[in-house]
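Residue numbers (UniProt numbering): 1 to 380.
Built from N, CA and C at the ideal position, the CB exists for glycine as well.
Just so you know, these numbers come straight off a predicted model, no measurement behind them.
Working notes, beginning with the structure itself.
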């Protein structure tokens with residue numbers, strides 16, 4: 001009878017694993033009989049196992065055989081394990097199959113080859129460097145930590161759009177760096193293998209102080225209160241203070257209130273002056289100084305003359321008491337006492353009116369213009 005030779009039931013698969021994981025390479029053989037199975041490294045021709053014995057000195061390699069499956073197990077795989085693995089049966093001629101192990105390595109930033117915090121003078125050129133290793137080769141992406149666009153100023157690499165908040169490359173270069181470029185940057189290395197890593201690089205831009213004042217001329221009345229504002233920019237952060245016209249330093253007191261708000265390289269100074277007296281009028285100066293220079297700004301306080309309030313006369317409550325033949329009786333708050341005014345007839349002479357009960361009313365109606373003139377005279 002002809003001998004039945006061993007044959008592979010299935011191919012040895014190609015396996016991809018992340019560094020540090022455990023890998024299992026199956027080799028399924030039918031009809032093995034008295035033949036033996038061995039595992040070898042393709043590149044180095046190193047024998048790993050023969051039958052049920054582990055030959056290699058690599059303690060991470062072991063065998064898990066069953067009836068048909070000769071399972072090669074590698075614990076904690078490293079990049080050195082990457083390559084071909086041959087499952088071989090010692091027939092004549094030998095029969096074999098090869099599977100390939102690919103080992104992925106998460107990204108890692110090489111600190112010795114990457115930038116730390118960078119300090120430059122405004123107007124100079126600067127390059128931020130970020131090197132990373134891993135398999136596949138990592139991709140480097142730059143972002144500003146505050147999320148602002150990095151496509152500002154004179155970036156050497158032109159971003160695709162003005163609002164682009166990131167771009168790729170190992171190096172981020174800028175010419176004529178300005179204070180707008182100042183802040184923390186993140187270089188992010190990723191290659192599809194969990195997890196991406198990042199490095200924070202702080203870009204500091206040094207420049208001498210500058211000052212701008214929103215209102216250099218301010219008016220206020222005696223006894224009033226006034227607020228003066230002074231804005232400065234400087235880095236390193238400046239020393240800021242106020243002085244009086246004579247040069248005396250202004251300190252916090254019941255008379256003066258000092259407030260300072262900082263934001264990276266910007267400082268907003270506010271001086272509040274209470275209970276203004278004549279000696280307070282004049283020039284006030286705000287100063288900003290750092291290691292690169294100093295500057296000052298001036299605000300002049302002048303007096304506003306407030307006119308005295310005008311007395312408003314209340315409306316009169318003058319009223320007609322009675323109209324009798326030949327005179328008008330009037331009283332009210334514009335009248336010091338009850339007064340009588342004679343009613344003079346017009347030039348054409350008095351009207352001829354019969355003496356009836358309504359004669360007084362007729363006279364009052366006829367001389368209405370006289371009454372109105374009298375009342376107007378009284379209330380004014």
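Task: Three-state secondary structure (DSSP) of residue 255 - done: For the purposes of this step, residue 255 is taken as residue 255 along the chain shown, with counting starting at 1. The three-state reading of DSSP puts residue 255 in coil, since its state is none of H, G, I, E or B.
Open item on the list: Once the 5 residues before and after residue 61 are set aside, which same chain residues still bring their CB inside 6 Å of it?
Closed with: For the purposes of this step, residue 61 is taken as the residue at position 61 of the chain shown. These residues qualify, in order along the chain: 48 and 74.
Task: the segment 218 to 233 touching the segment 134 to 151, judged by at least three CB pairs closer than 8 Å - done: Between the segment 218 to 233 and the segment 134 to 151 there are fewer than three C-beta pairs closer than 8 Å, too few to call the two in contact.
- [ ] Please state whether DSSP places residue 298 in a helix, a strand or coil.
- [x] One-based indexing of the chain shown puts residue 298 at position 298. The answer is strand: DSSP assigns residue 298 an E or B state.
TODO: Within the same chain, show all residues whose beta-carbon is closer than 7 Å to that of residue 291, passing over the 5 residues directly before and after it, in chain order.
DONE: Mapped onto the chain shown, residue 291 falls at position 291. If we look at residue 291 and ignore the five residues flanking it on each side, its Cβ neighbours are 236.
Task: Selected residue, minimal CA-CA separation from residue 28, among 96, 3, 82 and 55 - done: What you label residue 28 is simply residue 28 of the chain shown in a count that begins at 1. For residue 28, the nearest C-alpha among the options comes from 96.
- [ ] Measure the Cβ-Cβ separation of residue 197 and residue 140 and say whether it is below 8 Å.
- [x] Indexing the chain shown from 1 puts residue 197 at position 197. Indexing the chain shown from 1 puts residue 140 at position 140. Not in contact: residue 197 and residue 140 (Cβ atoms no closer than 8 Å).
Open item on the list: Which residue marks the beginning of the beta strand (DSSP E) containing residue 207, and which one marks its end?
Closed with: As a position in the chain shown, residue 207 is number 207, starting the count at 1. Per DSSP, residue 207 belongs to the beta strand (DSSP E) from 197 to 212.
TODO: Using three-state DSSP, classify residue 75 as helix, strand or coil.
DONE: Here residue 75 refers to the residue found at position 75 when the chain shown is read from its first residue. In the structure shown, residue 75 sits in coil (DSSP, three-state: anything other than H, G, I, E or B).
- [ ] Using 10 angstroms around the beta-carbon of residue 269, count the other beta-carbons present and answer buried if the total reaches 16, otherwise exposed.
- [x] The sequence position of residue 269 within the chain shown is 269, counting from 1. Residue 269 is buried by the Cβ-count criterion.
Open item on the list: Which runs of the alpha helix (DSSP H) at least 4 residues long sit entirely within the segment 234 to 279? Give them in chain order.
Closed with: none
Open item on the list: Checking the sheet assignment: what are the DSSP bridge partners for residue 97?
Closed with: Here residue 97 refers to the residue found at position 97 of the chain shown. Beta-bridge pairing links residue 97 to 87.
- [ ] Would you kindly work out how many angstroms separate the C-alpha atoms of residue 119 and residue 248, rounded to a whole number?
- [x] For the purposes of this step, residue 119 is identified with residue 119 of the chain shown, where counting begins at 1. For the purposes of this step, residue 248 is identified with residue 248 of the chain shown, where counting begins at 1. In this structure, the straight-line span from the alpha carbon of residue 119 to that of residue 248 is close to 36 Å.
Task: Per-residue DSSP class, three states only, for residue 80 - done: As a position in the chain shown, residue 80 is number 80, starting the count at 1. DSSP, reduced to helix, strand and coil, places residue 80 within a helical segment of the structure shown.
Open item on the list: Just to confirm my understanding: we take residue 40, look at its own chain, exclude 5 residues before and 5 after, and list those with CB closer than 7 Å. What are they?
Closed with: Stepping through the chain shown from its first residue, residue 40 is reached at position 40. Closer than 7 Å at Cβ, skipping near neighbours: 46, 47, 48, 86 and 88.
Task: Chain-order list of residues whose beta-carbon lies under 7 Å from that of residue 170 (same chain, five-residue window excluded) - done: As a working mapping, residue 170 is identified with position 170 in the chain shown. If we look at residue 170 and ignore the five residues flanking it on each side, its Cβ neighbours are 129, 130, 131 and 140.
Task: Coil, strand or helix - residue 5 by DSSP - done: Along the chain shown, read from residue 1 onward, the residue named residue 5 stands at position 5. If DSSP states are grouped into helix, strand and coil, residue 5 belongs with coil.
Open item on the list: Please state the DSSP three-state secondary structure of residue 222.
Closed with: Taking the first residue of the chain shown as 1, we reach residue 222 at position 222. Three-state DSSP puts residue 222 in coil, outside helix and strand.
Task: Three-state secondary structure (DSSP) of residue 180 - done: For the purposes of this step, residue 180 is identified with residue 180 of the chain shown, where counting begins at 1. Residue state, collapsed to three classes: helix.
Task: beta strand (DSSP E) segment containing residue 418, residue limits - done: Residue numbering for the chain in the displayed model covers 1 to 380; residue 418 lies beyond these limits and cannot be assessed.
TODO: From the DSSP output, in three-state form, read off residue 335 for me.
DONE: As a position in the chain shown, residue 335 is number 335, starting the count at 1. With a pLDDT of only 46 at residue 335, under the threshold of 50, the placement of this residue in the model should not be trusted, and no figure is reported.
Task: DSSP state of residue 112 mapped onto helix, strand, coil - done: Counting from one through the chain shown, the residue named residue 112 turns up at place 112. Looking at residue 112 - three-state DSSP - the assignment turns out to be helix.
Open item on the list: Considering just the uninterrupted stretch of the beta strand (DSSP E) at residue 65, what are its terminal residues?
Closed with: The residue you call residue 65 lines up with position 65 of the chain shown. 61 to 65 is the span of the beta strand (DSSP E), which, as asked, contains residue 65.
Task: Whether residue 275 touches residue 223 by CB criterion (8 Å) - done: Numbered from its first residue, the chain shown carries residue 275 at position 275. Numbered from its first residue, the chain shown carries residue 223 at position 223. Contact annotation: residue 275 and residue 223 have beta-carbon atoms nearer than 8 Å.
Task: Cβ pair count under 8 Å reaching 3, the segment 293 to 312 against the segment 247 to 265 - done: no
Open item on the list: I believe residue 79 touches residue 103 by the beta-carbon criterion, under 8 Å. Please report the beta-carbon distance rounded to the nearest angstrom.
Closed with: Counting from 1 along the chain shown, the entry for residue 79 is found at position 79. Counting from 1 along the chain shown, the entry for residue 103 is found at position 103. Indeed, because the Cβ distance is near 5 Å, the residues count as touching under 8 Å.
Task: From 164, 208, 99 and 221, residue whose alpha carbon lies closest to that of residue 306 - done: The sequence position of residue 306 within the chain shown is 306, counting from 1. Ranking the options by Cα distance to residue 306, first place goes to 221.
- [ ] Ignore the nearest five residues each way along the sequence and tell me which others in residue 116's own chain have a CB closer than 6 Å to its CB.
- [x] Position 116 of the chain shown holds residue 116. Here the set comprises nothing.
TODO: Answer yes or no: the CB of residue 287 versus the heavy atoms of the ligand SAM, is any distance below 7 Å?
DONE: Looking at this structure, you won't find the ligand SAM or any other ligand, since it has none at all.
Open item on the list: Just verifying my parser: in three-state terms, what is the DSSP assignment at residue 130?
Closed with: As a first step, residue 130 is located in the chain shown; it is residue number 130 there, counting from the start. Of the three classes helix, strand and coil, the one that applies to residue 130 here is coil, per DSSP.
Task: Reduced DSSP category for residue 423 - H, G, I as helix; E, B as strand; rest coil - done: A query on residue 423 cannot be resolved here, the shown segment of the chain reaching from 1 to 380 and no further.
TODO: Using beta-carbon positions only, say whether residue 14 and residue 99 come within less than 8 Å of one another.
DONE: The count along the chain shown starts at 1 and reaches residue 14 at position 14. The count along the chain shown starts at 1 and reaches residue 99 at position 99. The criterion of a C-beta distance shorter than 8 Å is satisfied by residue 14 and residue 99.
Task: Alpha carbon of residue 51 to alpha carbon of residue 23, nearest angstrom - done: Numbered from its first residue, the chain shown carries residue 51 at position 51. Numbered from its first residue, the chain shown carries residue 23 at position 23. Their Cα atoms are separated by approximately 19 Å.
Open item on the list: Once the 5 residues before and after residue 187 are set aside, which same chain residues still bring their CB inside 6 Å of it?
Closed with: Position 187 of the chain shown holds residue 187. Counting only Cβ-Cβ distances below 6 Å, and skipping sequence neighbours, we find 130, 140, 142 and 199.
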